[in-house]
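Student: Below is the structure I would like to discuss, written out as structure tokens.
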Amino acid sequence: MHIELDKKVLGGKYVKVEVELENGIIDNVIISGDFFAFPIEEFENFLTSLRGIKFSQEQINNVFKKFSDKITFSGITFDDLLEIFTQLLNKKDLA
Amino acid sequence: MNGLENWRLILNEGTAEYNMAVDEAILTLNNLRPRANVLRLYVFKPSAITIGYFQKVYETINVEYAVSNKIPIVRRITGGGAVYHDENGEITYSIVADVGSVDFDVQESYRKICSGILYALNFLGLDGRFEPVNDVTVNGKKVSGSAQIRKGNVLLQHGTLMYDTDVSKIEKLLLVPKDKLAAHSAKTIYDRVTTLSREKGSKISKQEVINALIKGFEKAFNIKPYEDTLDDEEKNLVKELVKKYGQRNWNFRW
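As structure tokens, then:
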């Protein structure tokens, strides 16, 4: 199952989140856009940590909590991203 | 720190792969141990497109047009948007500096570095404005965009200054989302992007822009950089990194 959602942050940048689900587990996730984030190694670790977890608010929150101090975003915020994931969770439940 | 004696100035023309490799090499080595801050001014030869690290190529670029016109596409290590680097109309700057000599706050560091561009515009007889997050505009239209990344205590910020870019090429090459134009109350790319020559009403030369940028950054940072070339350590790392920037699995990752 593929779900995606994008957002242009007001006064900020564009971000799109794409999630591939396999039996409720995140098989793959891509976060793309013209935002800024560093260090990119931590951003890659963030994506890796999202892969293989159950697609639930609790599991997503846990990963976000782990990386919130490790990655600096510009043009978007961690809260923008979390909001998109939350909307995707709702989208999944409706599907 | 008084940086008056410390900054290096490196000027060059080269391919997109080479230019991106040099920026990454200097950032990497300056993060390994304290080294002089660097101001680079360079030209993409041949003209090329760079895309932000997080961008999807096919959602950002008209790849077919780029390929058929032999315009290379290279992914940067910095975020931000896609840029068309016109060899006859755009100068790219990059600054690699310890964060302390710029600003620890990311947004303020953009502002500080972009103040060098604003001074450069003044020297060219134009008034520019910094538009957060990362743009500089003249008469409300973009002439410069910048992108920053940090490694440890060192930042790399590189950005464009379009003095005579062929804007029609940008329109053909970059897929600008409609909502981005709408967010800037712009109907077409020509309402959103301009060049220094267009705003000045007369041709501004490459050398004039380079001289103005040097003077602009000197004023912004109170520095007097000395002209330099890459050292052997940098050259060796560049040689390795050029390979990465030439690889399809890097440039077309997404």
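These protein sequence lines are chains A and B, in that order.
The opening position of the first sequence corresponds to residue 23 in the numbering used here, with each subsequent residue numbered one higher.
The opening position of the second sequence corresponds to residue 895 in the numbering used here, with each subsequent residue numbered one higher.
Just so it is clear, CB atoms sit at the ideal spot from N, CA and C, and this is done for glycine as well.
1) Hey, could you find the ends of the alpha helix (DSSP H) Y1084(B) is sitting in?
2) Does D49(A) come out as helix, strand or coil in the three-state DSSP assignment?
3) Per DSSP, L110(A) forms a beta bridge with which residues?
4) Three-state secondary structure (DSSP) at N963(B)?
5) Less than 8 Å between CB atoms is the rule here; does V1087(B) satisfy it with respect to chain A?
6) So Q1042(B) is in the beta strand (DSSP E); what residue range does that whole segment cover?
7) Determine the burial state of S1062(B): buried for a count of at least 16 other Cβ atoms within 10 Å of its Cβ, exposed for fewer.
8) What does W1148(B) reach in chain A if we use C-beta pairs closer than 7 Å?
9) In the region 946 to 1006 of chain B, which residue ranges form an unbroken alpha helix (DSSP H) of at least 4 residues, counting only runs that do not cross its ends?
10) Distance, Cα to Cα, R1092(B) vs P966(B)?
11) If you run the structure through DSSP and keep just helix, strand and coil, what is K10(A)?
12) Check G34(A) in the structure and name its three-state DSSP category.
13) In the structure shown, what three-state DSSP assignment does M895(B) receive?
14) Would you mind working out which of K29(A), G34(A), G55(A) sits nearest A976(B), comparing C-alpha positions?
15) Name the residue from I1117(B), I920(B), K1109(B) whose alpha carbon lies nearest to the alpha carbon of F1017(B).
16) By the criterion of Cβ-Cβ separation under 7 Å, what are the contact partners of F57(A) in chain D?
17) In whole angstroms, what is the alpha-carbon distance linking N67(A) and V1027(B)?
Tutor: On the basis of the supplied data:
1) Position 190 of the second sequence, counted from the start, is the residue given in the question as residue 1084(B). Residues 1083 to 1086.
2) In the first sequence, counting from the first residue as 1, residue 49(A) sits at position 27. The answer is strand: DSSP assigns D49(A) an E or B state.
3) Taking the first residue of the first sequence as 1, we reach residue 110(A) at position 88. Looking at the DSSP assignment, L110(A) forms no beta bridge with any residue, so it has no partner.
4) Numbered from its first residue, the second sequence carries residue 963(B) at position 69. Three-state result, N963(B): coil.
5) Within the second sequence, numbered from 1, the residue matching residue 1087(B) stands at position 193. Chain A, which has no Cβ nearer than 8 Å to the Cβ of V1087(B), makes this no.
6) In the second sequence, residue 1042(B) corresponds to position 148, counting from 1. Unbroken beta strand (DSSP E) run through Q1042(B): 1035 to 1045.
7) Taking the second sequence and counting its residues from 1, one reaches residue 1062(B) at position 168. When all chains shown are included, S1062(B) counts as exposed.
8) Within the second sequence, the letter at position 254 stands for residue 1148(B). Those within 7 Å of W1148(B) in chain A are I52, S54.
9) With a minimum length of 4 residues, the continuous alpha helix (DSSP H) runs that stay inside the region 946 to 1006 of chain B are 951 to 954, 957 to 962.
10) Counted from its first residue, the second sequence places residue 1092(B) at position 198. Counted from its first residue, the second sequence places residue 966(B) at position 72. Spanning the two alpha carbons is a distance of roughly 26 Å.
11) Nothing in the structure corresponds to residue 10(A), since chain A is present only between 23 and 117.
12) Position 12 of the first sequence holds residue 34(A). Here DSSP, grouped into helix, strand and coil, assigns G34(A) to coil.
13) Locating residue 895(B) in the second sequence gives position 1, counting from the first residue. Low local confidence applies: a pLDDT of 48 at M895(B) is under 50, so the model's placement there is unreliable, with the coordinate-based value given in what follows. Coil at M895(B), not helix or strand.
14) One-based indexing of the second sequence puts residue 976(B) at position 82. If we check each option's Cα against that of A976(B), G55(A) comes out closest.
15) The residue you call residue 1017(B) lines up with position 123 of the second sequence. Closest option to F1017(B), judged by alpha-carbon separation, among I1117(B), I920(B), K1109(B): K1109(B).
16) Here chain D cannot be found, since the structure's protein chains are A and B.
17) Residue mapping note: residue 67(A) aligns to position 45 of the first sequence, counting from 1. Residue mapping note: residue 1027(B) aligns to position 133 of the second sequence, counting from 1. Cα to Cα, the separation comes out at about 25 Å.
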